[in-house]
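Colleague: Numbering of the sequence shown is given in the UniProt record's numbering, commencing with residue 1 and proceeding in unit increments.
Below is one structure. I have some questions about it.
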Amino acid sequence: MSNPSENSLGTDSPVSKPWFVYLVRAANGSLYCGISDDPVRRFAKHQSGKGARFFLSSPATALVYTEVCRDKSDALRQERLIKKLRKSAKECLVATFAAGLSI
Numbered sequence: 001m002s003n004p005s006e007n008s009l010g011t012d013s014p015v016s017k018p019w020f021v022y023l024v025r026a027a028n029g030s031l032y033c034g035i036s037d038d039p040v041r042r043f044a045k046h047q048s049g050k051g052a053r054f055f056l057s058s059p060a061t062a063l064v065y066t067e068v069c070r071d072k073s074d075a076l077r078q079e080r081l082i083k084k085l086r087k088s089a090k091e092c093l094v095a096t097f098a099a100g101l102s103i
């Protein structure tokens with residue numbers, strides 16, 4: 001029987017669950033950036049009003065961007081970088097993601 005800490009290559013390094021950076025569009029057109037290990041579930045929380053306070057004034061309407069990261073630390077690092085971008089640059093990320101292109 002396989003050890004749960006072994007990955008599919010048979011090494012002894014633990015398999016870490018991937019984390020994601022995501023962007024959600026609010027009804028007023030603004031973009032919210034966050035991280036989660038399950039962005040679809042997190043988006044549902046945002047839509048139900050149980051997510052970030054950001055959506056109290058303008059509800060979440062669409063999950064418009066996701067980016068897989070190696071682990072939570074990488075996701076936090078990438079989130080900080082995305083949050084520093086101008087809105088126009090974030091819109092480019094969204095457009096590229098929607099087109100199915102790899103960046």
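Using N, Cα and C, we set each Cβ at its ideal position, and we do this for glycine too.
The model shown is predicted, which means the values in this text are computed figures rather than measured ones.
1) Quick one: what does DSSP say Val24 is sitting in, helix, strand or coil?
2) Report the residue ranges of all beta strand (DSSP E) runs contained in full by the UniProt domain "GIY-YIG" (17-92); include only those spanning at least 3 residues, in chain order.
3) Considering only the alpha carbon of each residue, which of Asp38, Leu31, Asn28, Leu23 lies closest to Lys72?
4) Classify Val15 as helix, strand or coil using the three-state DSSP reduction.
5) For Leu93, is the classification buried or exposed, using 16 other Cβ atoms within 10 angstroms of its Cβ as the cut-off for buried?
Modeller: In terms of the structure at hand:
1) strand
2) 19-26, 31-36, 60-69
3) Asp38
4) coil
5) Buried.
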